[in-house]
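Per the working numbering, the sequence shown runs over residues 2 to 538. Each residue gets a CB set at the ideal place from its N, CA and C atoms; glycine is no exception. Keep in mind that this is a model prediction, so the values were computed, not measured. Read through the structure below, which is laid out as structure tokens, and then see the notes.
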Amino acid sequence: MSEFDYIVVGAGSSGCVVASRLSEDPNTRVLLIEAGGSPEKFWVRAPAGMGRLFLEKSINWAYFTEPVPQARGRKIYWPRGRVLGGSSSVNGMVYLRGNPEDFNGWARLGGEGWAWEDVLPFFLKSEDNARGASEYHGAGGPMRVADPTFVCPTIEDYFRSAENAGIRRTFDHNAPPYEGADVHQHTIRNGRRESAYTAFIKPVQHRRNLTVLTGTQVLRVVFRGRTAIGVEVRKNGRDRTIAATREIVLSSGSLNSPQLLMVSGIGAGADLRRLGIDVRVDLPGVGKNLQDHWFSPMIWRTRADSSFNYLIQGWRKYLSGAQYLLSHGGLLSNSASQSAAFVRSSDAQARPDLQMVLRPLSYTFSDSGAVIPDRFPGISGGLVLLNPASRGHMEIVSADPTVAPRFHPNYLDAADDAERTVKAVHLMRKIMATDPIASRIEAEIAPGPQAIGDDAILEHVRAVGNCGWHQVGTCRMGSDEGAVVDPRLRVRGVERLRIADGSIMPTITSGNTAAPCVMIGEKAAAMIAEDRGGPGL
Ligand SMILES: Cc1cc2nc3c(=O)[nH]c(=O)nc-3n(C[C@H](O)[C@H](O)[C@H](O)COP(=O)(O)OP(=O)(O)OC[C@H]3O[C@@H](n4cnc5c(N)ncnc54)[C@H](O)[C@@H]3O)c2cc1C
2 MSEFDYIVVG AGSSGCVVAS RLSEDPNTRV LLIEAGGSPE KFWVRAPAGM GRLFLEKSIN
62 WAYFTEPVPQ ARGRKIYWPR GRVLGGSSSV NGMVYLRGNP EDFNGWARLG GEGWAWEDVL
122 PFFLKSEDNA RGASEYHGAG GPMRVADPTF VCPTIEDYFR SAENAGIRRT FDHNAPPYEG
182 ADVHQHTIRN GRRESAYTAF IKPVQHRRNL TVLTGTQVLR VVFRGRTAIG VEVRKNGRDR
242 TIAATREIVL SSGSLNSPQL LMVSGIGAGA DLRRLGIDVR VDLPGVGKNL QDHWFSPMIW
302 RTRADSSFNY LIQGWRKYLS GAQYLLSHGG LLSNSASQSA AFVRSSDAQA RPDLQMVLRP
362 LSYTFSDSGA VIPDRFPGIS GGLVLLNPAS RGHMEIVSAD PTVAPRFHPN YLDAADDAER
422 TVKAVHLMRK IMATDPIASR IEAEIAPGPQ AIGDDAILEH VRAVGNCGWH QVGTCRMGSD
482 EGAVVDPRLR VRGVERLRIA DGSIMPTITS GNTAAPCVMI GEKAAAMIAE DRGGPGL
């Protein structure tokens, strides 16, 4: 049986960071285990390739939710990266930390040591921001964060119209006032996707004390009594056990870390017994508290010069491809998600609760998960509902770890979520009816002119709304009985087992979730180093 000091399960946004930082100490043997394989594929590295990765089964867990009652019983497609880099190898690369109050809220909920002033240094540590170092940004860290290489004039007009409609123009979503309209920054390096793998593991893969096992699924955690001592893995149909002498860190993401706990006997006792699983620790919080961002799509037909749709279709798409191959430049070197306005749905909100994304192109998500670009010149909005009140859960239906769990996200379950979503559509319409962007718009295609009243808008949102794939919270951190991990991310009731990924978030952050997951990886690694008696990282 092979043996390491630390085993990290899952090479995603958090796991790559944990493994990279722990292996900085040459005397520490670290094993990083990933179910998926190599991310060295054209459409992974080309930033605009995200839409193509949605249904790419070779690098994707490709989950579906259970029917969502408030979304006409639709099953929502949930892509998740199953590849080195995890979801950071298939995501939209938007770099957003969230609002400082998100983290202060974590601290108030029992996450001691996770307030904004505690986590900011870890955000800065990872970062290599193209704008250089400042109070709010890091430079020289492993992960490149950059501005779009060009901004479509339609997007500039969106900012002007937002300003004319009373929403301020800002110049950094990751700095005060955390409110207003601006371009997104992205994790893109020289026109290529910067995933957690390319930032944190690829440059240090030569380390003799770091082993990366791909194509290897962890089946369960192995215990002696209540102490985690190893993991059982399957590679090419063969099962074996690998030992960890110090700790095991689950970084398998919000959909798989709770599954691994449950199949290893940690979860709601009655549920586990029903599936024939021996209960090691009765922790009813495992798999609960599932949160995600729901978004309402909007589409407008524009003047021909105002949309990029024509560049991604017909013969011109080959031109865009050739330009990218020659220089790593042009349309394919940018994320489609260029901009957003962070706004409050009403004055009653203590902080922005809407992220109103505008893209210079338009497409429709089919229920199968396919992304279908529109054939007319169009632009599209994604009105993301931040701070959702709705809570879902996930459950396993088999003791077999290779059987997909079931997910019940409960989108729009809380009446307040539905109301704020409708307000978002009204607000976006107000901006789009304001010059200068109004002069580029020929017609609203979705929801369309027939959807005037709140009920009709809500129907649209239920019928075609989608999500941000920001699932978090299923192994919630806290100091109460319902928490799954304590503030040092140790699984309650057992020894030598931690969780470091999006699942530990008590509440979802106000924005896209990859950067917070990287921060969680940084902080986890530092706490592990501290707890073994070292100076921390
Ligand atoms: C399509 C899409 C678009 C997104 N766009 C953005 C965006 O633009 N900006 C942003 O900030 N966020 C975005 N997100 C969300 C963000 O990418 C995730 O929140 C974040 O990457 C999650 O990090 P994680 O470490 O928790 O999990 P992951 O990055 O998903 O990593 C988990 C890893 O564990 C592996 N794994 C799971 N189970 C096992 C097992 N049993 N054995 C071995 N390995 C296992 C998985 O294969 C995976 O590699 C997007 C997500 C998706 C899916």
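Buried or exposed by the 16-neighbour rule on C-beta atoms within 10 Å, applied to residue i
i    : result
V473 : buried
D368 : exposed
W301 : buried
D418 : buried
R463 : buried
G286 : buried
H207 : exposed
K524 : buried
V404 : exposed
S480 : exposed
Q260 : buried
T199 : buried
Q218 : buried
Y319 : exposed
H427 : exposed
I453 : exposed
Where residue i sits in the DSSP three-state scheme
i    : result
Q350 : coil
A447 : strand
W470 : coil
Q186 : coil
L273 : helix
W79  : strand
D283 : strand
Y179 : coil
E496 : strand
T66  : coil
V91  : coil
Q71  : helix
R441 : helix
E460 : helix
P374 : strand
G52  : helix
F561 : Residue 561 lies beyond the stretch modelled for the chain, which goes from 2 to 538, so this question has no answer here.
V146 : strand
G268 : strand
G512 : coil
F43  : helix
G38  : strand
R407 : strand
R22  : helix
Beta-carbon spacing of residue i, residue j below 9 Å
i    : j    : result
V398 : F124 : no
G216 : K203 : no
T212 : L32  : yes
V205 : I8   : no
L413 : Q71  : yes
G466 : N513 : no
Y137 : P178 : no
R22  : D6   : no
N92  : G106 : no
F55  : V372 : yes
A63  : P80  : yes
I243 : A229 : no
Q186 : Y96  : yes
D103 : S511 : yes
G86  : S14  : yes
G11  : S252 : yes
Element boundaries [alpha helix (DSSP H), containing residue i]
i    : result
D103 : P101 to R109
K424 : A416 to M433
P154 : P154 to N165
Q260 : S258 to V264
V519 : A515 to D532
D119 : W117 to S127
V31  : Note, V31: premise wrong, no alpha helix (DSSP H); beta strand (DSSP E) at V31 to I34.
G213 : The sequence given here has Val at residue 213, not Gly. Looking at the DSSP string, V213 is not in any alpha helix (DSSP H); the run it does join, the beta strand (DSSP E), is L211 to L214.
Endpoints, the beta strand (DSSP E) within which residue i is located
i    : result
V385 : G379 to L386
Q229 : As written in the sequence, residue 229 is Ala, which differs from the Gln given in the question. Residues T228 to K236.
D6   : E4 to V10
R241 : R239 to L251
V223 : T217 to R225
T365 : Y364 to F366
Heavy atom of ligand 3 within 8 Å of residue i beta-carbon
i   : result
L97 : Ligand 3 is not part of the structure shown, which contains ligand 1 as its ligands.
Self-check item: Complete alpha helix (DSSP H) runs within the region 287 to 361 (minimum length 4 residues, chain order)
Solution: 317 to 328
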